[in-house]
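234 is the number that the UniProt record's numbering gives to position 234 of the sequence shown; each next residue is one higher, with no gaps.
All residues carry an ideal CB built from backbone N, CA and C; glycine is no exception.
For reference, the structure discussed in these notes is given below.
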Amino acid sequence: MSIYKLSFKNFKRRKLRSALTMLGIVIGVTALISLIGIGTGMSSYMKDQTASLMGDVTITNSSGGSGITGSTGDSFLNTAAVSQIENMSDLYNIKKETQFTTQMNNIQVMVIGMSDWNQLKFNGTPGVVISKSLADELNYKIGSNITVKNQKMSVTGITNEGGDNGAYVFMNVDKALPLNSNKVSSITANTKADPDTVKNQIESAVNGTSALTKSDYTKQIDNIMQTVTLFVGAIAGVALLVGVISIINIMLVNVSERTREIGVLKAIGFKNREILSSILTEAGLLGLLSAIVGVVVAAVILELGIMFLAPQYGISGIKLTQMLPLWLVAAVIGGATILSVLAGLYPAWRASKLNVVEALRYE
């Protein structure tokens, strides 16, 4: 009988014990894949959205804050800066946006002027789109009349953007600007030259401005998501480590129960390294199968999340391949298998060093 057949035989012989040992690793792998997958998927989705929807540069007031969340809404580009930007020869497809807060029925609402409706997913038509939470709070629906800064208008759509507690009104920027005294929060534009070069030109030529390119946004997204992913991954990694440690215990028990059997194997010619390989193969098999099952369970959980939760948060375009890239699957399966083999080292070494005579006399 070969070493590998012996390992499979021992694995199958104690099905319940093997299944319970695998359960701990399955839970750890599922948690690890799910949490890291969410972070990885969100990062990939946000970068795709940035690449497809925003211009080459985004310009804001340098004191008003700029980044992936845009301007704070409390600081705007002055009229001279807007005019200067609009007349720059290296810029084209220039789009102005504005955002400000106001009160609607004693609820503080963020009003956002849109120049590109492709940035927003909603039911209805462009024009005046309100967040679902605001619609639910004030019992509004498409066709309802609302008043923003004494200006009456009709709701043309409803969106899930902003989450459950976000009160937002999105409207055409041409309508929003007069309501905000024509104050511009940000400008996006495409560039005829290298975006980084144009960015530097804007910041040096137009006082009080800050510019970000697509690559700047991508870096910000990576930095944020890497920190979040590292944190949640460490938490999930603890669960996986607990499952792997259980392999040490179960393999020690198996070696103890099979002491006489190991003695017989040695007596008929099996070498120490073959006994060692047999135990390590069994441990690796536990880790490998557990990791595969964990990945499958995690994939099902993530797919259900995409189907039922993603639309509620306005990210229905996210895909399972973004949340479950091949490198993540390979890394987790490979990592769990290697850790399992390492966990089986001591039990395997102990089995290989058993004295033949003492092992045969073991009861």
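Cα-Cα separation, residue i to residue j
i    : j    : result
F8   : V293 : 18 Å
V332 : L252 : 25 Å
L339 : V244 : 7 Å
L360 : R13  : 21 Å
L20  : W327 : 28 Å
F122 : R17  : 52 Å
E358 : R350 : 14 Å
V82  : E303 : 45 Å
V295 : L289 : 10 Å
P347 : L286 : 14 Å
I306 : S34  : 12 Å
I94  : I85  : 9 Å
S316 : S256 : 53 Å
G204 : M104 : A quick correction: the sequence has Ser, not Gly, at residue 204. Each residue's Cα considered, the two are about 40 Å apart.
S277 : G39  : 38 Å
K266 : A283 : 20 Å
N254 : I275 : 13 Å
G65  : Q201 : Confidence in G65 is poor, its pLDDT being 49 and thus under 50, which makes the residue's placement unreliable; the coordinate value appears in the next sentence. About 19 Å.
I36  : T58  : 30 Å
G143 : G208 : 41 Å
N355 : G263 : 7 Å
Residue of the options minimising C-alpha distance to residue i
i    : options                : result
V111 : W349, S186, V148, L342 : V148
D196 : D136, L91, A19, A81    : L91
N118 : A283, E86, T50         : T50
V109 : L138, E261, S62        : L138
S352 : S75, R273, L286        : R273
S154 : N180, G124, D136, S181 : G124
N62  : S210, M46, S34         : Rather than Asn, the amino acid found at residue 62 in this sequence is Ser. Of S210, M46, S34, the residue nearest in Cα terms is S210.
G166 : K15, G284, L134        : L134
I158 : Q151, D194, K175, L120 : L120
Y45  : I262, A236, D222       : D222
L177 : G113, N145, V297       : G113
A189 : I36, V264, T60         : T60
D174 : E97, N160, S246        : E97
I25  : A236, L345, Y313, N355 : A236
L280 : V329, V341, A299       : V341
D136 : D116, K152, I107, N249 : I107
N180 : N150, E161, T156       : N150
Buried or exposed (CB count within 10 angstroms, at least 16 for buried), residue i
i           : result
D56         : buried
residue 367 : This structure leaves residue 367 out entirely; the chain is present only between 1 and 363.
Q99         : buried
A343        : buried
F76         : buried
L309        : exposed
T69         : Any answer about T69 is weak, because its pLDDT of 44 lies below 50 and its placement is not dependable; what the coordinates show is given next. Under this definition T69 is an exposed residue.
K183        : buried
G334        : exposed
S185        : buried
Y217        : buried
S43         : buried
Exercise for the section: Say whether the stretch 16–36 touches the stretch 238–250, bearing in mind that this needs 3 or more beta-carbon pairs closer than 8 Å, one atom from each stretch. Expected result: yes
Exercise for the section: With a floor of 3 residues, list each beta strand (DSSP E) that falls wholly inside the stretch 125–195, ordered by position along the chain. Expected result: 128–131, 145–148, 151–154, 157–159, 168–172, 186–191
Practice task
Give, in chain order, every unbroken run of the alpha helix (DSSP H) that is at least 4 residues long and sits entirely within the stretch 21–89.
Solution key: 79–86
Exercise for the section: Flag this pair as touching only if the stretch 209–228 and the stretch 317–333 have three or more C-beta atom pairs under 8 Å; answer yes or no. Expected result: no
Handout entry: Any 3 or more C-beta pairs closer than 8 Å across the stretch 170–190 and the stretch 123–141
Key = yes
Practice task
Note down, one range per segment and in chain order, each alpha helix (DSSP H) of at least 4 residues found wholly within the stretch 197–235.
Solution key: none
Exercise for the section: Write down every uninterrupted run of the beta strand (DSSP E) in the stretch 285–328 whose length is 3 residues or greater and which is fully enclosed by it, in chain order. Expected result: none
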